[in-house]
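Here is the structure we will look at, set down as structure tokens.
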Amino acid sequence: METFGERSATFYNLLVSLKVFDWAYGLAYRYVTRLVPPGNYVLEIGPGVGALLRKLEQGGYKAVGLDASPPMLKRAQRRAPGVSTIGVSFKAPFRGEAFNAAVALFTVHHWGDHEGSVEEVRRVLKPGGYFVVVEVDLRRMPLVGSHGCTEECLKSVLERGFHTVVEKRFPLLVAVAKKV
Ligand SMILES: C[S@@+](CC[C@H](N)C(=O)[O-])C[C@H]1O[C@@H](n2cnc3c(N)ncnc32)[C@H](O)[C@@H]1O
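According to UniProt numbering, the stretch in the sequence shown is residues 1 to 180, in order.
Structure follows, in structure tokens:
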């Protein structure tokens, strides 16, 4: 698992303040709104400095952030004052079936234990809940190197316990995984 310290958090926060990734936050947000209505419980894993989390809160979702990095989460709590907690995807500190949807943007490629993490996401989702994963499409953007995923990789990570459809939204891939 890659960790984000104080310097990475400061740099990331600057990029977010400059709205560099707003197009991606908008895309991820639209997917969530298509799948579950406002008022539902949505877990964001790896919210970083909280830009999508804030959109979810402002959109009327009961949004909860779970991030492994204290410096990132400190900034997320300033941006999105709702509920966020320190923790890792492969040991989520939530009761089972607590969320209607989960979303993970630009973070799955950082997760150490993918199998354990996906099992945890499945555990905390309600029956029929959705897991939306957004990553840079490595086939189309090979320069991003380890900071992206292929369609095959996303499908194989999400194959256990989910029915998954991967859509291409250049330069991104969006996986919509439904708990089965
Ligand atoms: C590249 S940042 C993306 C942040 C945010 N999703 C965005 O798009 O702006 C990745 C974030 O995922 C977090 N992260 C990485 N691995 C994690 C894990 N296994 N569990 C929880 N958070 C994790 C990092 O601490 C970091 O804040």
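Don't be surprised by glycine CBs; every beta carbon is placed ideally from N, CA and C. Treat the numbers as computed from the prediction; the structure is a model and nothing was measured.
Item	Value
Along the beta strand (DSSP E) that carries Ser89, what are the first and last residues, could you check?	Unbroken run through Ser89: none, as it is neither H nor E.
Going by CA-CA distance only, name the one from Ala101, Val124 and Thr150 that's closest to Val130.	With the sequence shown as reference, residue 130 is identified as Tyr, and Val is not the correct amino acid for it. Nearest option by C-alpha distance: Ala101.
So, Tyr31 versus Ala51, is the Cβ gap smaller than 8 angstroms?	no
What are the boundary residues of the beta strand (DSSP E) that includes Phe11?	Premise fails: Phe11 lies in the alpha helix (DSSP H), Glu6 to Ser17, not in any beta strand (DSSP E).
Do you know offhand how far Pro95's Cα is from Glu44's?	Correcting the residue identity first, residue 95 is Arg in this sequence and not Pro. Roughly 15 angstroms between the two C-alpha positions.
Please state if the CB of Ser84 and the CB of Pro47 are separated by a distance shorter than 8 angstroms.	yes
Does any heavy atom of ligand 3 sit closer than 7 angstroms to the C-beta of Phe99?	Among the ligands present in this structure, namely ligand 1, ligand 3 is not found.
For ligand 1, is there any heavy atom lying closer than 7 angstroms to the beta carbon of Leu105?	yes
Evaluate contact between the segment 167 to 178 and the segment 133 to 145, counting only Cβ atoms and requiring at least three cross-stretch pairs below 8 angstroms.	yes
Quick check on Trp23: buried or exposed, where buried means 16 or more other Cβ atoms within 10 Å of its Cβ?	exposed
For Thr107, is the classification buried or exposed, using 16 other Cβ atoms within 10 angstroms of its Cβ as the cut-off for buried?	buried
Which ranges does the beta strand (DSSP E) cover as unbroken runs of at least 3 residues, wholly within the UniProt domain "Methyltransferase type 11" (43 to 133), from first to last along the chain?	62 to 67, 83 to 86 and 99 to 105
Can you pull the DSSP bridge partners for Glu167?	Val174
Using DSSP's beta-bridge definition, name the partner residues of Phe21.	Beta-bridge pairing links Phe21 to no other residue.
From Gly112, Arg123 and Phe11, pick the residue whose C-alpha is nearest to that of Val180; which is it?	Arg123
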